[in-house]
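So the number in this note's numbering is just where the residue sits in the sequence shown, counting from 1, plus 56.
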Amino acid sequence: MKKLAAVLAVILALVVCDLALWRNDYIIRSKDGFARNDFEITRLKHPETVWDRVYFGDGAVASGYVEEISTAMYINLGLEDCGITDLKKLIDGRYIRIGKELVIGLNYSVLTGGGANHRYAWRKSPIVPYVYYDRARIIECISGKNKNENQEKTLYHGSTDDVKVSAERDAERLETNLGALKSIIDYCDENKIRLRTVFLPWNGRYAKPDYMQAARSEAETLLNENNIEIYDLEDEVSSECFYDAAHMNYETGAPWFTELMDRWL
């Protein structure tokens with residue numbers, strides 16, 4: 057019995073330590089070692105418990121809405137490689153608390169994103185230990201390969217011609233994200249949070265695949281059924297403002313977009 061108790065005690069200690077590492081802010085606060093993802097960078101800048109005004113989206117929001125020059129005082133919760141399902145998990149898992157206002161930047165990437173890669177901890181299955189799920193980053197930290205150079209989210213300078221627009225529609229991910237969007241609409245209604253949406257700019261140099269238009273139509277139908285305000289900027293930004301098909305460049309696009317957002321927000 058004593059051996060069994062000792063084994064169980066060790067297992068319990070490992071589980072507790074694993075949970076503490078998963079949910080603790082150590083990675084966010086550590087001065088070196090861990091390479092931070094976009095959420096950890098956001099949390100580092102905004103350690104407060106409640107975020108009154110939040111602007112969520114993918115990398116187009118992360119790089120396009122510049123908090124430092126904005127007067128609207130929204131927290132930039134732009135996350136590369138994310139979907140609306142990620143926002144739902146952030147809210148459901150109490151990673152964030154939204155106080156008064158939420159703006160969601162929409163495009164096809166957000167409407168079909170939120171996969172299962174290791175970028176964000178909330179995507180982890182409950183039965184998978186965190187030290188295994190995030191093992192690559194932990195190993196890099198222990199080996200000294202990472203020195204936490206990424207203190208800021210990725211910005212895009214100039215422009216590139218290396219652009220590939222997917223030719224396939226991800227119907228399953230779209231349905232999942234639309235379901236998450238409906239849940240967030242209900243959550244905001246229940247908690248008296250003002251919810252608005254923006255269809256993010258698209259570079260007119262590149263033709264929009266039909267599936268992108270169809271996904272937008274489905275999202276618009278859901279938003280209109282629930283009386284959610286939509287600000288349509290999809291075709292309102294000139295090509296010189298873009299780095300690629302969807303990311304605005306830092307020199308021209310980001311300042312323009314931020315000023316436009318400030319007037320609307």
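Glycine is no exception: its CB is placed at the ideal position from the N, C-alpha and C atoms.
(request) Compare the Cα-Cα distances from N247 to each of W320, L143, A275, L158 and report the closest residue. (result) L158
(request) May I have the straight-line CA-CA distance separating Q21 from I97, to the nearest angstrom? (result) Residue 21 is absent from the structure shown; the chain starts at 57 and stops at 321.
(request) Return the bridge partner residues of F95 from the DSSP annotation. (result) For F95, which the question treats as bridged, DSSP gives no partner whatsoever.
(message) At the level of alpha carbons, what is the spacing between N305 and C297?
(response) 6 Å
(message) List, from N- to C-terminal side, the beta strand (DSSP E) runs of 3 residues or more that fit wholly inside the stretch 212 to 299.
(response) 250 to 255, 285 to 288
(request) Work out the CA separation of H213 and V66 for me, nearest whole Å. (result) Residue confidence for V66 is low, a pLDDT of 46 falling below 50, so the modelled location carries little weight; the figure read from the coordinates is stated next. Distance between the alpha carbons of V66 and H213 is about 50 Å.
(message) Comparing C-alpha positions only, which one of C244, Y176, I152 sits nearest to E136?
(response) Y176
(request) Counting only the same chain and skipping the five closest in sequence on each side, list residues whose C-beta sits under 8 Å from that of E307. (result) H213, G214
(message) Is the beta carbon of L256 closer than 8 Å to that of L278?
(response) no
(message) Is the separation between the beta-carbon of Y121 and that of G134 shorter than 8 Å?
(response) yes
(request) Could you tell me which of A91, W312, F313 sits nearest to S199, measuring between CA atoms? (result) A91
(message) What ranges does the beta strand (DSSP E) occupy inside the stretch 119 to 159, keeping only unbroken runs of at least 3 residues that lie completely in it?
(response) 131 to 134
(message) Only counting the same chain, and skipping five residues up and downstream in sequence, which positions put a Cβ closer than 6 Å to that of R250?
(response) E157
(message) Does V187 come out as helix, strand or coil in the three-state DSSP assignment?
(response) helix
(request) Check the DSSP bridge columns for R109 and list the partner residues they point to. (result) E157
(request) Return the CA-CA distance between H303 and Y186, expressed in angstroms with no decimal places. (result) 32 Å
(request) Indicate whether I154 and V110 have their beta-carbon atoms separated by less than 8 Å. (result) yes
(message) Is it buried or exposed, A192, if we count other Cβ atoms within 10 angstroms and call 16 or more buried?
(response) exposed
(message) When you compare the CB positions of L143 and T253, do they come within less than 8 Å of one another, or not?
(response) no
(request) Run the proximity test for A271: is its beta-carbon closer than 7 Å to any non-hydrogen atom belonging to the ligand NAD? (result) Among the components of this structure there are no ligands whatsoever, and the ligand NAD is therefore not found.
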